[in-house]
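In the numbering used here, the protein residues as written are 1327 to 1704.
Next up, the structure:
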């Protein structure tokens, strides 16, 4: 019996040793992988790699490089910090030297007869504007008109066989859409970067008076201004305008003017040379929770009228300081920026209805829209 027990113990020990060696060196023998389903064959003609080459090829011939030059007076010695003294010193003969300054940017051919969309700040105060196409051709450009309040300008060149870029039409841009930014960053030549639409309706950035930007993380660098933001079909989604950066380089936060707004402004400039916007002659202020409680309002939507221009459209219609605007033509008014954007598309002499709160009571007031006065730069 003892010999049998000893033989059994030795057998168990050897088996455990073999099991330990197998578990250490070849664990797959103990846990075989489950059978994998057969891979489905790729459909005929399906691309193995995602590429936007077709969209780039469609869009790049319509994107141009813009070179501007202007003459500036450069002081020969540092100017005093006082503005009056600075102006006095600038008028002294020989105090400054006239030099030529150059700037670069991008633009988009939007019509086959030579019209180009770009940013106003690209061509602002330029003495001469030169446009270079992707095929190597160059031509001087004429400034048709500009709208500083939206930072857009329209140029025109006289060259044959131009390829205009198609607008994205009725396609609604959504957050998450893949977009391509095409321009001439840092003057290195035409460059394409890729990203997505990060946000829509960005405002309160202090860039323009009227702001309704597309935000994208596609790299936009100095020189990209005025270039195209396109979708994966090569259609124009927006005009690249600005970046958020503390260093001057791209940090993945860029802003573009939506194509529908740019198209509307372009058509007005081509037709009349200017942009006409609705105007009521009021200064709105955002309704804060504290103001809402003070006026016994259930919500803090709407705007409060901070000032009214005497004899302006709102004044003639009976709007007074302290009135709270809740709706314009039945559309809710959320804040002051949104309210200005609601007024801007209105046509002069058009009748509109403001729903206001005065003395705790709602009432409708009918106004006739005026024409927004043009801002004169000093």
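Even glycine gets a Cβ: it sits at the ideal position worked out from N, Cα and C.
Please read these numbers as outputs of a predicted model, since none were measured by experiment.
Leaving aside the five residues that flank residue 1539 on each side, the residues in its chain whose CB is nearer than 6 Å to its CB run, in chain order, 1528 and 1581. Shown here, residue 1539 sits in a strand according to DSSP, grouped into three states.
Scanning 1592, 1687 and 1341 for the CA closest to the CA of residue 1493 turns up 1592. Unbroken alpha helix (DSSP H) runs of no fewer than 4 residues, entirely contained in the region 1416-1493, are found at 1446-1449, following chain order. One thing to note: residue 1698 has its Cβ within 9 Å of the Cβ of residue 1604. Each of 1567, 1665, 1656 and 1584 was checked against the Cα of residue 1608, and the nearest Cα belongs to 1665.
DSSP lists no beta-bridge partner residue for residue 1597. Per DSSP, the beta-bridge partners of residue 1566 are 1582. Per DSSP, reduced to three states, the secondary structure at residue 1558 is coil, with no helix or strand assignment. By the Cβ neighbour-count rule, residue 1391 is buried, with 16 or more other Cβ atoms within 10 Å of its own.
Per the coordinates, the alpha-carbon of residue 1458 lies some 7 Å from the alpha-carbon of residue 1465. Three or more beta-carbon pairs separated by less than 8 Å link the region 1673-1689 to the region 1645-1660, which places the two stretches in contact.
Under DSSP, residue 1551 shares a beta bridge with no residue. Rounded to the nearest whole angstrom, the CA to CA distance from residue 1558 to residue 1672 is 33 Å.
Judged by their CB atoms, residue 1676 and residue 1691 are not nearer to each other than the 9 Å cut-off. Rounded to whole angstroms, the Cβ separation of residue 1471 and residue 1614 is 39 Å, and the two are not in contact under 8 Å. In the DSSP assignment, the residues bridged to residue 1395 are 1428 and 1454. For the set 1490, 1674, 1507 and 1662, the Cα lying nearest the Cα of residue 1537 is the one of 1662. A distance below 6 Å between beta-carbons, with the five flanking residues on each side excluded, links residue 1518 to the following residues of its chain, in chain order: 1382, 1506 and 1508.
Taken through DSSP and simplified to helix, strand or coil, residue 1377 comes out as coil. Annotated three-state conformation of residue 1689 is strand, per DSSP. For the options 1344, 1693, 1440 and 1460, the alpha carbon positioned closest to that of residue 1387 is the one of 1460. Judged by their CB atoms, residue 1395 and residue 1444 are not nearer to each other than the 9 Å cut-off. With fewer than 16 other Cβ atoms inside 10 Å of its own Cβ, residue 1344 counts as exposed. Secondary structure at residue 1500: coil, using DSSP grouped into helix, strand and coil. Note on geometry: alpha-carbon atoms of residue 1587 and residue 1449 lie some 20 Å from one another. In this chain, the alpha helix (DSSP H) harbouring residue 1668 covers 1662-1669. Just so you know, the alpha carbons of residue 1467 and residue 1670 end up roughly 29 Å apart.
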